[in-house]
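Q:
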Amino acid sequence: MDSKDVIHAFWVPEFRLKQDIIPGQPTILNFTPTKVGRYPIICAELCGPYHGGMRSTVVVEEAEDYKTWFKKNTKETDLEV
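In my numbering, the protein residues as written are 99 to 179.
(1) On a CA-only basis, which of Gly122, Gly135, Lys133 and Leu144 is nearest Phe108? Give me that one, please.
(2) Under DSSP, the beta strand (DSSP E) around Phe108 begins and ends at which residues?
(3) In or out: Val157 buried (at least 16 other Cβ within 10 Å) or exposed?
(4) Give every residue of the same chain whose Cβ lies closer than 6 Å to the Cβ of Gly135, excluding the five residues on either side of it in the sequence, and list them in chain order.
(5) Excluding the five sequence neighbours on either side, which residues of its own chain have a C-beta within less than 7 Å of the C-beta of Gly146, listed in chain order?
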């Protein structure tokens with residue numbers, strides 16, 4: 099993760115996971131979700147006027163469902179090495 103402007107805080111409450119993202123300091127975050135579902139991602143650092151709109155979702159699927167989605171959303175040429 100990388101911030102171009104101010105400190106942000108990547109937060110997934112259901113995972114009990116929070117990581118600050120600091121400008122100019124690339125951050126790697128690894129985690130392994132264990133339960134299928136959709137989980138909100140929230141910026142937990144008051145970071146400016148669009149702070150309230152900084153939301154997304156972590157989607158955790160069964161491995162086979164992910165493989166099907168991946169295959170459907172990848173061009174043949176992208177899979178060639």
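Note that the Cβ used here is the ideal one computed from N, Cα and C, for glycine as well.
A: Short version:
(1) Residue 108 sits at position 10 when you count from the first residue of the sequence shown. For the residues Gly122, Gly135, Lys133 and Leu144, the minimum Cα distance to Phe108 belongs to Leu144.
(2) Here residue 108 refers to the residue found at position 10 of the sequence shown. In the DSSP assignment, Phe108 falls within the unbroken beta strand (DSSP E) covering His106 to Val110.
(3) The residue you call residue 157 lines up with position 59 of the sequence shown. Classification of Val157: exposed, given that the 10 Å Cβ count is below 16.
(4) As a first step, residue 135 is located in the sequence shown; it is residue number 37 there, counting from the start. So the list reads Val158, once near-sequence residues are dropped.
(5) Taking the first residue of the sequence shown as position 1, residue 146 is located at position 48. So the list reads Val104, once near-sequence residues are dropped.
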